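J.: Protein chains in written order, with the working numbering: chain L, 132 to 458; chain V, 144 to 603; chain B, 141 to 472.
One structure, pasted below without further comment.
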Amino acid sequence: MAAVSTLAERLARGEAIDVRGDGKAGGGLVLVMQSFAAALARESSLAVHEWPLFSSARRGANVRAFLRVARGQVEAACQVIEPDVALLMNEAAGDEIDFAEGTGERPAIYVLNTRATPEQAAARYRLGGRVATIAGDDLGLEHLGRPLGNIALLAALVRATELVDPARAREALAGNLAKRRIPGPLAAANLALFDAALARAALRDLPLSPATSHPRARFVSYGPLPVGAQVALRTSHARRTSGYGRPGIKIEFADPGSRCNGCSLCVAQCPDGIIQFTADPKRGAIVHGARFDTHCKGCRECVTACPLDLFREVAAVTRPEGATGET
Amino acid sequence: MQSTARRLVPPYGATYDGSVDLGALRAAHRPRYLERTRKAVDGNTAAAIPFLQWWRAAILAGFPITPATKWLEHLAAEVAAGPSPGKRVKLLESEHAVADYLAGVASACRGLVVGTATSSVGLDHMTESIRSLGASGLGNVMVVDVCRATANYPLCIEGDPSDLLAHRDDGFIQVACRGVQQIYDTVLQLPAIGMDPRVLTPTMPSYYGIKDSHRSGVLVVEPDREVNDFLDDALRAAEGASPVVEDFLATEGAAHPTPPGLLDGDTALGSCATSDWFQGFKLAQKQRLAAVHQVMGEVADSFEARFGRPGLRPLELIGFADAPEIALVCMGPDAGTAIHLLGRIREELGVRAGVIAIRLVTPFPSAALAAALERVTAVGVINNAHHYGRGHLTLDVEDAMAGRPTPVEAFFCGLGGADVSTSTWLAIARTTAEAAARGRAGRRWRMVHEGLEIGGEDLR
Amino acid sequence: MKKALPLFKELALRDDAFGEGHSLCPGCEEAVTFHALGRATDNGKKTVLVMGTSCGEVSTLAYPNGVAWGRGREEPNEVSKSVGVIHHVFESAPTVAEAIRDTADLLAGVGAWSGAPPNVLSWSGDGGALAIGLRSFLHTIYRRARVALFVNINELFANTGFQYSPTAIPFGDASTLPGGGAAEPIDHIGLALIAGAGFVAQVSPGFAPLFADIVDQALHCETTAVVFVPSPCIAGWKFEEGMTAELGRLASKTGLFPCFRKRAGEPGELLHVQADKRPPVTEYLARQRRFDHLIRLEDGRPVVRPGREPEVAAIQAYADRNVARLLRLAAL
Chain L
132 MAAVSTLAER LARGEAIDVR GDGKAGGGLV LVMQSFAAAL ARESSLAVHE
182 WPLFSSARRG ANVRAFLRVA RGQVEAACQV IEPDVALLMN EAAGDEIDFA
232 EGTGERPAIY VLNTRATPEQ AAARYRLGGR VATIAGDDLG LEHLGRPLGN
282 IALLAALVRA TELVDPARAR EALAGNLAKR RIPGPLAAAN LALFDAALAR
332 AALRDLPLSP ATSHPRARFV SYGPLPVGAQ VALRTSHARR TSGYGRPGIK
382 IEFADPGSRC NGCSLCVAQC PDGIIQFTAD PKRGAIVHGA RFDTHCKGCR
432 ECVTACPLDL FREVAAVTRP EGATGET
Chain V
144 MQSTARRLVP PYGATYDGSV DLGALRAAHR PRYLERTRKA VDGNTAAAIP
194 FLQWWRAAIL AGFPITPATK WLEHLAAEVA AGPSPGKRVK LLESEHAVAD
244 YLAGVASACR GLVVGTATSS VGLDHMTESI RSLGASGLGN VMVVDVCRAT
294 ANYPLCIEGD PSDLLAHRDD GFIQVACRGV QQIYDTVLQL PAIGMDPRVL
344 TPTMPSYYGI KDSHRSGVLV VEPDREVNDF LDDALRAAEG ASPVVEDFLA
394 TEGAAHPTPP GLLDGDTALG SCATSDWFQG FKLAQKQRLA AVHQVMGEVA
444 DSFEARFGRP GLRPLELIGF ADAPEIALVC MGPDAGTAIH LLGRIREELG
494 VRAGVIAIRL VTPFPSAALA AALERVTAVG VINNAHHYGR GHLTLDVEDA
544 MAGRPTPVEA FFCGLGGADV STSTWLAIAR TTAEAAARGR AGRRWRMVHE
594 GLEIGGEDLR
Chain B
141 MKKALPLFKE LALRDDAFGE GHSLCPGCEE AVTFHALGRA TDNGKKTVLV
191 MGTSCGEVST LAYPNGVAWG RGREEPNEVS KSVGVIHHVF ESAPTVAEAI
241 RDTADLLAGV GAWSGAPPNV LSWSGDGGAL AIGLRSFLHT IYRRARVALF
291 VNINELFANT GFQYSPTAIP FGDASTLPGG GAAEPIDHIG LALIAGAGFV
341 AQVSPGFAPL FADIVDQALH CETTAVVFVP SPCIAGWKFE EGMTAELGRL
391 ASKTGLFPCF RKRAGEPGEL LHVQADKRPP VTEYLARQRR FDHLIRLEDG
441 RPVVRPGREP EVAAIQAYAD RNVARLLRLA AL
């Protein structure tokens, strides 16, 4: 296991291990990083720093977090730009950025919350080194009733890195849940989820190649910047925010009987303004769809608003195994 | 129906030429001075008069604070006595509100000049707003700082530049003035600098409270027509000027470098940025501030050509005709006392002395100062504001002279408007001359009052 | 001539000044309001919007590619369709809006602006208008500035991470006040009325037709219009997806944040709330995990946790008194 001995050996040699995680705000990345940090910190010879790449993101937007562990002291405060361990908490985040950026020069460990197998994930994201996958959202649904994959990802991270004894990691998790005032039965379900994920996480050590190299885009200059950050309008339109939604679901509009009567309530209530309609000057907005694929965040306000139930939430088409991720 | 033409101004958005007809505002101006006029006025009044004269200064805003209040009162009285639809005085409930209001007027229509006058805690109360304005590109904002001792414990309403210096990095162009003519002339010239597309930085002329705000002198007031032509010509020329700094303006924006306003544009001001970008904006802001040196020279040249008086230059040099051995670097009205005493200093100390009165405070004119001090054998720096160390001005002077062994004696005097008397100046000059003779400074800093050294810190 | 469509339906057909691609949370009520304002301001007049620091600002005005404002799909050909947006500092939105109005009026007065007087709106959150911003809010109203002040009320300082806000009903969990406190909310409607606003309203976008009418009234007010927008905050209050508009409506019906409108000098009215028979506050509280320490849903029914009945009763008492008090304010 070349990757494993390298991590522990490097720690023993006095080097710092860099971990970076990417996910969606509200998708659970913070808990994973904090729990992993807490578990590492139980080893008294280790120092751990854990911190976010700060942003104003709340729900659904991309977030990134860092963790750095070393024997004795962690001094460096710079960002993790060449991670030894790269996490992908929510695959939608991986659509917008390269979560493996900065890896590929030497074997790294990749831990992904995905239904794909390690081989499929490696093909999809061009990964070489240790690849660990766990279908965390499914486990979350099974144990907690919500597609929240962070506990599962934590378990996979513990298995893949072999830096922490799983039992100690479990203790640290229990402590973290108590600190967040999670009630008893829910905490127990979280721990059961952790155990299941430990067992089910799949690991493979895969070869490196030029294709699995993810060199960092090097900063050259800020370029010409507008005075006072004054800018033209409409620059957000090209940003696809469909990745903000809960994983595994999407919203659909179906009106085969042309029953939409122009009540216009969905148009009024859609926070993203993506309802598509024909204007009828006598009746109102006659809806024929919405820009679901590019900008729907799955908020369900249209589902609630429509008196004729023309919108509904359905299971999303799962990512075809081995494909590029387009649905 | 408005006849407008949409023009894209990347990356700022679109401008709708013709939607705001500034010519109509200019036509509505009610001239206050038809001819060059001599009159006795105090410093506050001298700073207020240009705002009456500019057709662009349609809205003036304020909140009273001693010793700046007369600026607002003069404007209020004049506008009440001679109202016009193109001039309005707006009273707000606090200085913070005033600064926010200035931002609104300035961004609504970038061809307007908008300003206020304040001091000390009033300037401090505006801090978050003026720190933002400093980066905004709204060079048509002017905040007159009537320098006053800051805050409390104890409270003091008399003048020293501790407020000006506490706001060094707010992003404003800061200028120190002494005497009514400098005040008036400086206010006249600053918008031509701040609104220049190479600069786009708000301006902060300053003068000491009481010692200058409440001191009367004879002021030469220029006619409105000349005052306005001066600014209008400068802005017209600037639009075609080739930019100095290498940034967006130099590449894509030179055709119409002034960004759109809120009323005549399709645009957004005040976006947020992450750490990936913020630093780049600050670098660009520094570069615009650095462009002040070049632009100020051009504006001063134009001023001298039109009005026949010295334009705004970074330093005043007095007694430098015969390469002085010692230089006294100072600021504000007390520099005038030193200038008055120069003959006596030279005679009593038997040394060639010169006075440098700092005019441009931010961006500090390091190169000009270094050149002026090249052959000087000792420098005395006079600080009128509290500082944790050797003095704000001392650090600027040391930085300008980096690498030279010339001794620098640092002095504190005049804090909170304390009198800087003849005896104090003579003591300062004597100590500086002693440093020249010795080849090194005697102490790290000294506080002097009534000719006595009352405190200081020894060399290590 | 009677319009063919009610106003809120006609609004849907206008050119919206707010678009997609913003990073507000899925189901954020602020975004719904922004679309309503974006459409209502497509009324033949130039629009200038002043944003106070808030979730709305950081999520819709982000460099380099996150500005969601702008009417239509590209820069309009006419200035009357164009939009100016400014974000200055936290609590400055009312003052900046007043400045823009004064500037437009002065320019019009000298013939320098020949278009119709622009729509001038300001947007603030709880904090920006009623905590740190109370000074600017009240004084702009006091000076009778002809601007429309919109205030987003979600009982928290959301942008900074859901800290306690003076608009909060009692006992809601907040990061700086775990479990909430007994203090009742600040009387924002009373403050706006007494400061002298020409039009004061409170309405949640979940009442789409009323919301459209009130926005229209605000844009036509001859002095200061103040519209409070109770906005359920899914990230801060923690409720199920699809419940945003519903909870906004329930907040009115329970009497906690009733719909209200009043023009100065005329009797006002409460809407979507009854003086006596109202849904109990438990229906509202149980659906939000910020009240989980007091009450939760069991089999779809609100069940108060043992020992927490006094707090729930206190909230109910507040709702009852709030309705009575607002009825008296409406009659002033």
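Just so you know, even glycine gets a beta-carbon here, dropped at the ideal spot from N, CA and C.
Bear in mind that the values here come from a model prediction, so they are computed numbers and not experimental data.
Three-state secondary structure (DSSP) at N292 of chain B?
T.: For the purposes of this step, residue 292 of chain B is taken as the residue at position 152 of the third sequence. Strand.
J.: Just list the residues that DSSP pairs C394 of chain L with in beta bridges.
T.: Here residue 394 of chain L is taken as the residue at index 263 of the first sequence, counted from 1. The partner list for C394 of chain L (beta bridge, DSSP) reads L:A416.
J.: Quick check on the burial criterion: 16 or more other C-beta atoms within 10 angstroms. Buried or exposed for G598 of chain V?
T.: For the purposes of this step, residue 598 of chain V is identified with residue 455 of the second sequence, where counting begins at 1. By the neighbour-count rule (16 or more Cβ atoms within 10 Å), G598 of chain V is not buried but exposed.
J.: Taking the straight line between their C-alpha atoms, what separation do you get for L246 of chain B and G352 of chain V?
T.: As a working note, residue 246 of chain B is residue 106 in the third sequence. As a working note, residue 352 of chain V is residue 209 in the second sequence. Going from the Cα of L246 of chain B to the Cα of G352 of chain V covers about 33 Å.
J.: Report the option in B:V198, B:R286, B:G388 and B:T280 whose CA atom is closest to the CA atom of L331 of chain B.
T.: The sequence position of residue 331 of chain B within the third sequence is 191, counting from 1. Closest by alpha carbon: B:T280.
J.: V106 of chain B versus chain V: which residues are under 9 Å apart at the beta carbon?
T.: Nothing about residue 106 of chain B can be read from this structure; chain B reaches only from 141 to 472.
J.: Which residues in the same chain as M144 of chain V place their Cβ atom closer than 8 Å to its Cβ, once the five residues preceding and following it in sequence are excluded?
T.: Sequence index remark: in the second sequence, residue 144 of chain V carries index 1 (1-based). With a pLDDT of only 46 at M144 of chain V, under 50, the local geometry of the prediction cannot be trusted, and no value is derived from it.
J.: What residues in the segment 244-262 of chain V bring their beta carbon closer than 8 Å to a beta carbon of chain B?
T.: Those residues of the segment 244-262 of chain V that come within reach of chain B (Cβ to Cβ, closer than 8 Å) are Y244, L245, A246, G247, V248, S250, A251, C252 and L255.
J.: Please confirm whether P402 of chain L has its beta-carbon closer than 7 Å to some beta-carbon of chain B.
T.: As a working mapping, residue 402 of chain L is identified with position 271 in the first sequence. It does: the Cβ of P402 of chain L has a partner Cβ on chain B nearer than 7 Å.
J.: Using C-beta distances below 7 Å, list every residue in its chain close to L308 of chain L, excluding the 5 sequence neighbours before and after it, in chain order.
T.: Here residue 308 of chain L refers to the residue found at position 177 when the first sequence is read from its first residue. So the list reads A318 and N321, once near-sequence residues are dropped.
J.: Is it true that the segment 205-224 of chain V meets the segment 236-248 of chain V, where meeting means three or more beta-carbon pairs spaced less than 8 Å apart?
T.: Taking 8 Å as the limit for Cβ pairs, the verdict is that the segment 236-248 of chain V does touch the segment 205-224 of chain V.
J.: What are the residues of the segment 348-359 of chain L that lie near chain V, defined by any Cβ-Cβ distance shorter than 7 Å?
T.: Of all residues in the segment 348-359 of chain L, Y353, P355, L356, P357, V358 and G359 have a Cβ within less than 7 Å of some Cβ in chain V.
J.: Kindly indicate the opening and closing residues of the beta strand (DSSP E) around G408 of chain V.
T.: The count along the second sequence starts at 1 and reaches residue 408 of chain V at position 265. That run of the beta strand (DSSP E) goes G408 to L412.
J.: Is the number of C-beta pairs between the segment 374-386 of chain L and the segment 557-577 of chain V that are closer than 8 Å three or more?
T.: Output reads no: the segment 557-577 of chain V does not touch the segment 374-386 of chain L.
J.: Can you tell me whether DSSP reads C430 of chain L as helix, strand or coil?
T.: Residue mapping note: residue 430 of chain L aligns to position 299 of the first sequence, counting from 1. Three-state result, C430 of chain L: coil.
J.: Which residue from V:Y327, V:R547 and V:A200 puts its Cα closest to that of E517 of chain V?
T.: Indexing the second sequence from 1 puts residue 517 of chain V at position 374. Minimum Cα distance to E517 of chain V is reached at V:R547.
J.: Quick one: complete alpha helix (DSSP H) runs, 4+ long, within the segment 476-556 of chain V?
T.: Within the segment 476-556 of chain V, the complete alpha helix (DSSP H) runs of at least 4 residues are 477-492, 509-515 and 535-543.
J.: State yes or no: is the C-beta of A157 of chain V within less than 7 Å of the C-beta of E215 of chain B?
T.: Residue numbering aside, residue 157 of chain V sits at position 14 when the second sequence is read from its first letter. Residue numbering aside, residue 215 of chain B sits at position 75 when the third sequence is read from its first letter. Their beta carbons are under 7 Å apart, which means A157 of chain V touches E215 of chain B by this criterion.
J.: Would a check of beta-carbon distances place A252 of chain B closer than 7 Å to chain V?
T.: By 1-based counting over the third sequence, the position of residue 252 of chain B is 112. A252 of chain B counts as touching chain V.
J.: Looking at chain B, is there any beta carbon in it that lies within less than 7 Å of the beta carbon of A416 of chain L?
T.: Within the first sequence, the letter at position 285 stands for residue 416 of chain L. Chain B contact via Cβ: present.
J.: Please compile the residues from chain V whose C-beta is within a distance smaller than 9 Å of the C-beta of A239 of chain B.
T.: In the third sequence, the residue the question calls residue 239 of chain B occupies position 99. By Cβ distance, chain V contributes I202, A204, K233, D243, Y244, L245, A246, G247, V248, A249, S250, A251 and V257.
J.: Going along the chain, which unbroken runs of the beta strand (DSSP E) with 3 or more residues stay wholly within the segment 137-198 of chain L?
T.: List check, beta strand (DSSP E) in window: 148-155 and 177-184.
J.: Does chain B have any CB closer than 7 Å to the CB of Y159 of chain V?
T.: Taking the second sequence and counting its residues from 1, the one referred to as residue 159 of chain V is at position 16. At least one chain B Cβ lies under 7 Å of Y159 of chain V.
J.: Let me make sure I understand the geometry here. Which of B:E438, B:L333, B:A385 and B:V287 has the alpha-carbon closest to that of F400 of chain B?
T.: Here residue 400 of chain B refers to the residue found at position 260 when the third sequence is read from its first residue. Cα-wise, what sits closest to F400 of chain B is B:L333.
J.: Nearest-angstrom Cα distance between D267 of chain V and L198 of chain L?
T.: Walking along the second sequence from the start, residue 267 of chain V turns up at place 124. Walking along the first sequence from the start, residue 198 of chain L turns up at place 67. Near 40 Å, if we compare the C-alpha coordinates of L198 of chain L and D267 of chain V.
J.: Report the option in V:P476, V:C252 and V:C415 whose CA atom is closest to the CA atom of N526 of chain V.
T.: Mapped onto the second sequence, residue 526 of chain V falls at position 383. Of V:P476, V:C252 and V:C415, the residue nearest in Cα terms is V:P476.
J.: At a CB-CB cut-off below 8 Å, which residues of chain V make contact with L364 of chain L?
T.: Position 233 of the first sequence, counted from the first residue, corresponds to residue 364 of chain L. By Cβ distance, chain V contributes G156, D409, T410 and A411.
J.: Can you tell me which of L:G271, L:E273, L:A447 and L:E432 puts its alpha carbon nearest to the alpha carbon of C165 of chain B?
T.: Taking the first residue of the third sequence as position 1, residue 165 of chain B is located at position 25. Out of L:G271, L:E273, L:A447 and L:E432, L:E432 has the C-alpha closest to the C-alpha of C165 of chain B.
J.: Going straight from the alpha carbon of V388 of chain V to that of W197 of chain V, what length do you get?
T.: Against the second sequence, residue 388 of chain V aligns to sequence position 245. Against the second sequence, residue 197 of chain V aligns to sequence position 54. With a pLDDT of 33 at V388 of chain V, under the threshold of 50, the modelled position of that residue is not reliable, and the figure given next carries that caveat. About 29 Å.
J.: How about the segment 176-190 of chain B and the segment 256-269 of chain B: do they share at least three Cβ pairs that are nearer than 8 Å?
T.: The segment 176-190 of chain B, when compared against the segment 256-269 of chain B, does touch it at the 8 Å Cβ threshold.
J.: When you check each C-beta in the segment 416-449 of chain V against every C-beta of chain L, which residues fall closer than 8 Å?
T.: If the cut-off is 8 Å between Cβ atoms, the segment 416-449 of chain V has A416, T417, S418, W420, Q422, G423, F424, L426, A427 and R431 near chain L.
J.: Does the segment 375-388 of chain B come into contact with the segment 342-354 of chain B, if we say contact requires no fewer than three beta-carbon pairs (one atom in each stretch) closer than 8 Å?
T.: Yes: at least three Cβ pairs fall under 8 Å.
J.: Quick check on D185 of chain V: does DSSP put it in helix, strand or coil?
T.: If you number the second sequence from 1, residue 185 of chain V lands on position 42. Reduced to three states, the DSSP call for D185 of chain V is strand.
J.: I'd like the ranges of any alpha helix (DSSP H) spanning at least 4 consecutive residues and lying wholly in the segment 362-427 of chain B.
T.: For the segment 362-427 of chain B, whole alpha helix (DSSP H) runs of length 4 or above, ordered along the chain, are 384-393 and 421-425.
J.: For S344 of chain L, count neighbouring Cβ atoms within 10 angstroms of its own Cβ and tell me buried if that reaches 16, exposed if not.
T.: Locating residue 344 of chain L in the first sequence gives position 213, counting from the first residue. By the neighbour-count rule (16 or more Cβ atoms within 10 Å), S344 of chain L is not buried but exposed.
J.: Three Cβ pairs or more, each shorter than 8 Å: is that satisfied between the segment 334-353 of chain L and the segment 191-211 of chain L?
T.: Segments in contact, no.
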